[in-house]
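Colleague: To start, I am sharing the structure in question, which I have written as structure tokens.
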Amino acid sequence: MTRLVLLGPPGAGKGTQAQRLSERLGVPAVSTGDIFRSNVAQGTELGREAQSYMEAGEYVPDSVTNRMVADRLTQDDCSGGFLLDGYPRTAAQVAELDRVLAADGHRLDAVLELVVADTEEVVSRLRKRAITEGRSDDTEDVIRRRLEVYAEQTAPLTDLYRERGLLVQVDGTGDVDEVTRRILTALDERTA
Ligand code: AMP
239 MTRLVLLGPP GAGKGTQAQR LSERLGVPAV STGDIFRSNV AQGTELGREA QSYMEAGEYV
299 PDSVTNRMVA DRLTQDDCSG GFLLDGYPRT AAQVAELDRV LAADGHRLDA VLELVVADTE
359 EVVSRLRKRA ITEGRSDDTE DVIRRRLEVY AEQTAPLTDL YRERGLLVQV DGTGDVDEVT
419 RRILTALDER TA
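In the working numbering, the protein residues as written are 239 to 430.
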């Protein structure tokens with residue numbers, strides 16, 4: 239179970255769980271949001287390309303995102319596996335990920351969806367994060383837009399991965415440790 243994708247709306251806890259699972263599973267967590275944010279902070283060309291989209295709660299264009307992920311996944315530390323947090327988010331990104339993996343004879347092991355059905359729960363988590371982390375894309379309007387974009391472009395990917403037999407849905411509500419346990423149990427059950 240080393241090539242994994244974490245799906246779920248903004249505020250579902252993907253970043254937190256990705257860090258924990260990365261330690262437990264011994265594979266790097268690759269967060270496209272983190273990579274974009276660090277490029278924005280460093281003022282790189284990639285950061286300049288991404289910034290306006292991020293601040294508006296829109297997706298960075300697939301061409302930009304796909305190039306970045308293809309570069310990242312072909313680095314040495316990803317050769318034994320990885321945990322993708324925040325990618326793929328569009329059908330074009332799914333196709334690109336398939337292509338990058340197939341080029342090395344690999345495929346995904348599972349797609350974990352963190353399910354938080356109550357929209358107000360994720361909005362409240364994102365509001366808190368706006369205060370603790372000072373993220374510019376966690377303002378009220380941007381939060382609503384990010385959730386809309388997720389529903390339009392990313393939620394449909396769960397059906398696609400379900401059809402491929404890869405989808406593992408885990409309840410993302412409640413205690414953080416408990417969610418980690420649920421994920422590890424669900425992964426164990428898949429490999430058993
Ligand atoms: P995140 O921290 O994963 O919620 O990502 C923050 C922002 O980075 C998103 O709202 C998008 O603007 C951008 N971003 C991150 N991952 C992707 C992706 N896979 N495709 C397009 N844009 C992305």
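Ideal Cβ placement from N, Cα and C applies to all residues, glycine included. Please read these numbers as outputs of a predicted model, since none were measured by experiment.
Which value, in whole angstroms, describes the spacing of the CA atoms of G253 and L398?
Modeller: Looking at the two C-alpha atoms, the distance is approximately 23 Å.
Colleague: Would you give the residue range spanned by the beta strand (DSSP E) that Q407 belongs to?
Modeller: First-last of the beta strand (DSSP E) with Q407: 405 to 409.
Colleague: Can you give the beta carbon distance from V353 to D409, rounded, assuming they're within the 8 Å contact cut?
Modeller: Indeed they touch by this definition, with Cβ atoms about 6 Å apart.
Colleague: What three-state label does DSSP hand V243 in the structure shown?
Modeller: DSSP places V243 in strand when its eight states are reduced to three.
Colleague: With distances taken between CB atoms, is the gap from V307 to T270 smaller than 8 Å?
Modeller: A contact, by the Cβ cut-off of 8 Å.
Colleague: Ligand 1 heavy atoms versus the CB of S269: any closer than 7 Å?
Modeller: Indeed, a heavy atom of ligand 1 lies less than 7 Å from the Cβ.
Colleague: Enumerate in chain order the residues of its own chain whose CB-to-CB distance from L405 is below 7 Å, with the five nearest sequence positions on each side excluded.
Modeller: Answer for L405: V349, E351, T396, Y399, listed in chain order.
Colleague: Ligand 1 heavy atoms versus the CB of P394: any closer than 7 Å?
Modeller: P394: no, Cβ never under 7 Å from ligand 1.
Colleague: In or out: I369 buried (at least 16 other Cβ within 10 Å) or exposed?
Modeller: Answer is exposed; the Cβ neighbour count stays below 16.
Colleague: Cα-Cα, which of G319, T423, T328 is closest to V387?
Modeller: For the residues G319, T423, T328, the minimum Cα distance to V387 belongs to T328.
Colleague: Hey, out of E427, T418, P247, whose CA is closest to R258's CA?
Modeller: R258 has its Cα closest to that of T418, out of E427, T418, P247.
Colleague: How would you write the range of the alpha helix (DSSP H) that L346 sits in, first residue to last?
Modeller: Where L346 is concerned, there is no enclosing alpha helix (DSSP H), given that its DSSP letter is neither H nor E.
Colleague: Look at the Cβ atom of L321, then the Cβ atom of L425, and state whether they are nearer than 8 Å.
Modeller: It is not a contact, given that the beta carbons lie outside the stated cut-off.
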